[in-house]
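Down below is the structure, laid out as structure tokens.
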Amino acid sequence: MSQYFANDPSVPSAPLEVTWSLPDGPLVLVTDRGVFGYGQIDTGTKLLLVTLDRPPATGDLLDLGCGTGAIALTMARRSPAATVWAIDVNRRARELCEANARRHGLGNVRVCAPEDVPPEVRFAAIWSNPPIRIGKAALHELLSHWIGRLTPDGEALLVVQKHLGADSLARWLAEQGHPTERVATGAGFRVLRVRPA
Numbered sequence: 001m002s003q004y005f006a007n008d009p010s011v012p013s014a015p016l017e018v019t020w021s022l023p024d025g026p027l028v029l030v031t032d033r034g035v036f037g038y039g040q041i042d043t044g045t046k047l048l049l050v051t052l053d054r055p056p057a058t059g060d061l062l063d064l065g066c067g068t069g070a071i072a073l074t075m076a077r078r079s080p081a082a083t084v085w086a087i088d089v090n091r092r093a094r095e096l097c098e099a100n101a102r103r104h105g106l107g108n109v110r111v112c113a114p115e116d117v118p119p120e121v122r123f124a125a126i127w128s129n130p131p132i133r134i135g136k137a138a139l140h141e142l143l144s145h146w147i148g149r150l151t152p153d154g155e156a157l158l159v160v161q162k163h164l165g166a167d168s169l170a171r172w173l174a175e176q177g178h179p180t181e182r183v184a185t186g187a188g189f190r191v192l193r194v195r196p197a
């Protein structure tokens, strides 16, 4: 599990292909060991992508913790005139996301490490299956930073497992001044809409 959050996973590479069935057509992704979602379709991410329609048509969009790119590539397909920033601390995840974007001909995806996003960039939307297992303090710091980079009318849409603290996270976000509402529930997950303070 901690491999997902390593800059360079130590487990040997063993790529596997998965096909996501989404409302806007199939999405074929190469996955690998040491990267979230290896060899499977993640239930929470699927709920997010099936529940949400289209991100803003233009501007900068963010997939926070991109993994193999399911969220970033879906945002890029649905909003081809937008720039989708796909960020992850995991080098192997970034390489997979980049290769998957190329495979689908999505030139509007910019894959990079979090520290390489220019400080002036502000996001019209964030879609994320955030890394809950990094621990509460680290998660709160991560979300505060990136939600703080939303445009005034932007929003973050987060999918969080109920038994891993979705409801307590929603309360914490509201306590930080971020209007937060549950927009979907399914398969033990919540999708939360979070607005800037």
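For the sequence shown, UniProt numbering gives the first residue as 1, with consecutive numbering after it.
Glycine residues also receive a C-beta, built at the ideal position from the N, C-alpha and C atoms.
None of the values given here were measured: they were computed from a predicted structure.
Which runs of the beta strand (DSSP E) fall wholly inside the segment 75 to 120 and span at least 3 residues, in chain order? 83 to 87, 109 to 112
Backbone secondary structure at residue 198 - three-state DSSP: The structure shown does not extend to residue 198, since the chain is modelled only from 1 through 197, so no value can be given for it.
Would F123 and V159 qualify as a contact pair, given that the criterion is a beta-carbon distance under 9 Å? Result no, Cβ atoms of F123 and V159 do not sit closer than 9 Å.
Who are the Cβ neighbours of N129 in its own chain at under 6 Å, not counting the five residues just before and after it? G44, T45, V159
Whole-angstrom C-beta distance between G59 and A82, which should lie under 8 Å: 6 Å
Other residues of its chain near V28: CB distance less than 6 Å, five sequence neighbours each side excluded: T19
Rounded to whole angstroms, what's the CA-CA distance from N90 to V111? Just pull it up for me. 11 Å
Considering only the alpha carbon of each residue, which of S10, A72, G135, A93 lies closest to G105? A72
C-beta atoms of A113 and R94 nearer than 9 Å: yes
Tell me the residue span of the beta strand (DSSP E) that contains D153. Counting along the chain, the beta strand (DSSP E) containing D153 begins and ends at 150 to 161.
Beta-carbon proximity list for N100, same chain, < 7 Å, skipping 5 on both sides: So the list reads L29, V30, T68, G69, L73, once near-sequence residues are dropped.
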